[in-house]
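Under our numbering, the first residue of the sequence shown carries the number 13, and numbering increases by one thereafter.
Here is the structure we will look at, set down as structure tokens.
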Amino acid sequence: MKVLKFGGTSVANPENINKVKSILAQQKEQQIAVVVSAFGGVTDVLLNASQAASQQDINYKNSLKAIEDRHISAIRELIPVKSQSAALSKVKSELNVLETLLEGSFLIGEITPKLSDKIVSYGELLSSFIISEFLKSEGLDAVYKDSRELIKTDNHFGKANVDFVTTNANCKAYFESAEHQITLLPGFVASSKSGNLTTLGRGGSDYTAAIIAAAVDADMLEIWTDVSGMYTANPKLVKQAKCVAHISYQEAMELSHFGAKVLYPPTIQPVLGREIPIAIKNTFDPENPGTLVAKNTNGNGKTVRGISHVGNISLLSLEGPGMIGIPGISKRFFETLSVKNISIVLITQASSEHSICVGIADQDVDVAAEAVNETFEFEISTKKIKPVIVEKDLTIVALVGDNMKSHQGLSGKMFSTLGKNNVNIRAIAQGASERNISAVIKKEDVKKALNSLHETFFEENIKQLNLFVMGVGNVGSKFLAQIRQQKKYLKEELKLNVRVIGMSNSRTMAFDENGISLKDWESILEQGEPADKQKFFDRINTLNYRNSIFVDNTASEEVSKSYASYLKNSISVVTCNKIASSSDYAYYKELKQLAKQYNAPYLFETNVGAGLPIIDTLKHLIASGDRVRKIQAVLSGSLNFVFNTFDDSTTFHDVVKQAQEQGYTEPDPTIDLSGVDVMRKILILARESGHQLDIDDIENESFLPKESLDTDSNEAFFESLKKYEDDFQKLYSDAAAKDCKLKYVAQFEDGKAKVGLQQIPKGHDFYNLEGSDNIVLFFTDRYVNQPLIIKGAGAGADVTASGIFADIVRIGNF
Ligand code: ADP
Ligand code: ASP
Ligand code: MG
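Structure follows, in structure tokens:
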């Protein structure tokens, strides 16, 4: 014999019920018991209705109406017209009783656990009746049997305890004489010896099926649900979760105890003793083998088999000096909770005996706290013990696996993963079986915690990077194109899955939790919500993804001021915007410090030399113990372009105009022409070499007349260039007369930096620098006479984008 159970989603509507029928029609066994849940969601609606009625809220009638409509329309769709009226009248009369019960509760403004059970039982009672009528009408050899006649419990309403002796005897007797192939039964409901209706707790239909399977010593228990088995983590929260093909009873029990709702925790107990295997299968993908829960599967050497979580947990802690060495405190503490019927999900006790801390359901915590305070009233009044401390809205995440006990270092790995992702751990417990390690965290961190743990323990290979890109102009759009082009390579070769979760320009912003399509990002952004920098930040924070990276492609000072907030939330920052790193030394230092403290890199390779690996090389030199003695560099692509193009056949004005038009200068060309941009770059290099310097410490002898520098618009600036054309021509002819070229050079030596125009003679490393190229010479303790030279294109959207890209990959390998 075999027992099958179909859950709420599997019987949510006529279409799904037809799928159930197809599965049943293929069953070969002589005898099967089929347990069904209420139509998906109906239990919740019933509970809400009774809640509303008991609070004298007339809206309970709407819920009732919805329930009526669902069941009646199911009959109309499923059952042939000729037998419809009998089914309809039976269901309508049941619904009338339900209505009376709710009305009663409404009138007296109260609900008892007993009445609540009665009301909620209609979900299963109605669904099982309708489904059995449907199966019969489809020609299946089916009969209805009311579980209340078989399963006997005590009177603990809401979650009754089963009397197995009577129940087993009832089930055995019934199935031994059953004449039909299929017996269809409602899950969840039972009755007490005194004849009251009882229920087996939320999710209890699984339990009904297991109780029957054990009683008749079935060959197999099949749990048919809406996922293809038990997964390495809840597949609704962790996209990469995988189905576990085989799992031991104990592991399955532990996972379900810690929240893997796919199996109601008590389900395993009855079948465990008889070693009846449980298959977890998907009604919507019946061919999928799903999960087999059986005795000691060896788990293919896997240590951690799954990660689960239980929400709505509160921590209740009792502490105080009066607890040390005094026997009986724990006993009194636990007795108090037990008397109040409060179940404990997790226990931790510090070895100092200074405190006891338990995790219990949020809904129990107020009662628990009051009871414990009462028990220890005397100790509290004499200040030996403090009043209980309550922390609400927490979640337990647990790693589960049979083989965990023989492995060291798992908890270290678990906690360092959580720590790295800035998930604060409130309490830790390890089951004595060492089959689980659990941590209590804030509920906002759950998704991040599950996904990072899953990444660590199940996908060691692929690391997900979640990007939030601000600024999608020249550089930003090139950057997005590069990610799109390299996505496959990054995944296959570097094991990095790079997704852009959010983006913004100055007008709009858009988010997609699964990654914005990099093919259609322009139209997606166009249709996005209005841009708002604070909201952008808030959104990233709320999403709370692991490995989040904020990418700043703007030149905005306001944006650069937000980096600290990002880093403080463990969001890495990659930027081509130089303002932050060249602002006050204190801010630069703070950002570096925050990056370290929160494990979130702050990278700005493109601040100097666009895509050239200048800062990275410098970091490597320093990390390996080298020391920078001198830096000489041409760091302005714009100025290099200007002085390479300018000669006596052109005008300085026209060349600068051309540079601006071709995108070689900042939008405000004075930032380049004044040398400020170069000052910022040499400042950053000096700082990265380990020197404390500020922009005012840098000497800058401008070649521009003061009047040009002081202009307040681009037009005025260009006008002034015309006025001083003769001076510019003289700069050129003086250099040409000496066979020199003009280069705008930055230099750092002996802790001092300066920038300015220089005449560079033939043979010098800088002489042949073309177009908008950059060059840097590092003279160090190791590179004494021959400097380390980095040279190449130092401006342009494409190379800048590839520099940002390189920073992203660096974080990926971090
Ligand atoms: P049913 O109505 O069929 O009893 P449930 O909703 O009670 O279904 O249980 C199935 C759900 O359990 C899945 O849809 C999934 O969201 C959730 N779940 C939580 N953890 C796990 C896990 N580790 N593996 C599979 N499903 C899980
Ligand atoms: N219908 C009940 C519930 O939703 C029992 C079950 O579906 O297992 O909790
Ligand atoms: Mg369930």
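Virtual Cβ for every residue (Gly too), placed ideally from N, Cα, C.
In whole angstroms, give me the CA-to-CA distance for residue 354 and residue 372. The C-alpha of residue 354 lies about 8 Å from the C-alpha of residue 372.
As assigned by DSSP and simplified to three states, the class of residue 383: In this structure, residue 383 counts as helix in the three-state DSSP scheme.
Is any non-hydrogen atom of the ligand ASP found closer than 8 Å to the C-beta of residue 188, if you look at the structure I gave you? No, the beta carbon of residue 188 sits no closer than 8 Å to any heavy atom of the ligand ASP.
To the nearest angstrom, how far is the alpha carbon of residue 134 from that of residue 297? So the alpha carbons of these two residues sit roughly 29 Å apart.
From residue 732 to residue 611, what distance separates their C-alpha atoms? C-alpha separation (whole angstroms): 49 Å.
So what's residue 337 in DSSP terms, helix, strand or just coil? In the structure shown, the three-state DSSP call for residue 337 is coil.
Which residue from 203, 322, 252 and 339 puts its Cα closest to that of residue 271? Check the Cα spacing between residue 271 and each of 203, 322, 252 and 339: the tightest is with 322.
Applying the criterion that 16 or more other CB atoms from any shown protein chain within 10 Å of the CB defines a buried residue, is residue 645 buried or exposed? So residue 645 counts as buried.
Complete runs of the alpha helix (DSSP H) confined to the stretch 51-92 [at least 4 residues]: Entirely contained in the stretch 51-92, the alpha helix (DSSP H) runs reaching 4 residues are, in chain order, 54-66 and 72-90.
Limits of the alpha helix (DSSP H) - the one that residue 282 falls within: Here the alpha helix (DSSP H) through residue 282 covers 280-286.
Nearest to residue 570 (by Cα), restricted to the options 585, 559, 586 and 545: Cα-wise, what sits closest to residue 570 is 545.
Looking at C-alpha atoms only, which residue of 452, 63 and 216 is the closest neighbour of residue 48? Of the candidates 452, 63 and 216, the one whose C-alpha sits nearest the C-alpha of residue 48 is 216.
With H, G and I counted as helix, E and B as strand and the rest as coil, what does DSSP make of residue 576? Residue 576 falls in the helix class under three-state DSSP.
From residue 719 to residue 625, what does the alpha carbon distance come to, in whole angstroms? When rounded, the distance between both Cα atoms is 37 Å.
By alpha-carbon positions, which one of 234, 440, 517 and 788 ends up nearest to residue 11? Outside the modelled stretch of the chain, which goes from 13 to 826, sits residue 11, for which no answer is possible.
Consider the C-beta atom of residue 55 and the heavy atoms of the ligand ASP; say whether any pair is separated by less than 8 Å. Indeed, a heavy atom of the ligand ASP lies less than 8 Å from the Cβ.
Examine the Cβ distances between the stretch 626-638 and the stretch 601-610 and report whether three or more of them are shorter than 8 Å. No, the stretch 626-638 does not touch the stretch 601-610.
Compare the Cα-Cα distances from residue 656 to each of 160, 34 and 752 and report the closest residue. Minimum Cα distance to residue 656 is reached at 752.
Bridge partners - residue 785, DSSP secondary structure assignment: In DSSP, residue 785 forms a bridge with 805.
Proximity to residue 84 [Cα-Cα], best of 104, 95 and 65: Nearest in C-alpha terms to residue 84, of all of 104, 95 and 65, is 104.
Determine the direct distance from the alpha carbon of residue 251 to that of residue 556, and round the result to whole angstroms. So the two alpha carbons sit approximately 16 Å from each other.
Terminal residues of the beta strand (DSSP E) in which residue 210 lies: Counting along the chain, the beta strand (DSSP E) containing residue 210 begins and ends at 209-211.
Does the stretch 455-465 come close enough to the stretch 530-546 to have 3 or more Cβ pairs within less than 8 Å? As far as the Cβ criterion goes, the stretch 455-465 does not touch the stretch 530-546, which means the pair count is below three.
By the three-class DSSP mapping on this structure, what secondary structure does residue 815 have? The three-state secondary structure of residue 815, taken from DSSP, is helix.
Between which two residues does the beta strand (DSSP E) harbouring residue 768 extend? Start and end: 764-773.
Using the beta-carbon count (16 or more within 10 Å), is residue 419 buried or exposed? Under this definition residue 419 is an exposed residue.
Any 3 or more C-beta pairs closer than 8 Å across the stretch 505-524 and the stretch 588-597: No: the two stretches stay apart, fewer than three of their Cβ pairs being nearer than 8 Å.
Taking the alpha-carbon of residue 222 as reference, which of 614, 278, 795 and 246 has the nearest alpha-carbon? Residue 222 has its Cα closest to that of 278, out of 614, 278, 795 and 246.
With which residues is residue 321 paired in a DSSP beta bridge? Under DSSP, residue 321 forms a beta bridge with 409.
Within the continuous beta strand (DSSP E) that includes residue 183, where are the two ends? Here residue 183 belongs to no beta strand (DSSP E); instead the alpha helix (DSSP H) covers 176-188.
Return helix, strand or coil for residue 400, following the three-state DSSP convention. Coil at residue 400, not helix or strand.
Determine the contact status of residue 397 and residue 327, defining contact as a CB-CB distance below 9 Å. Against a cut-off of 9 Å, the Cβ pair of residue 327 and residue 397 comes out as no contact.
For residue 390, does the count of other Cβ atoms within 10 angstroms reach 16, so buried, or fall short, so exposed? Exposed, by the Cβ-count rule.
Going by the C-beta, is residue 286 closer than 8 Å to any heavy atom of the ligand ASP? It does not: the Cβ of residue 286 is nowhere closer than 8 Å to a heavy atom of the ligand ASP.
DSSP puts residue 258 in a beta bridge; with which residues? DSSP lists 304 as partners of residue 258.
With hydrogens ignored, establish whether the beta-carbon of residue 211 is closer than 8 Å to any heavy atom of the ligand MG. No, the Cβ of residue 211 stays beyond 8 Å of every heavy atom of the ligand MG.
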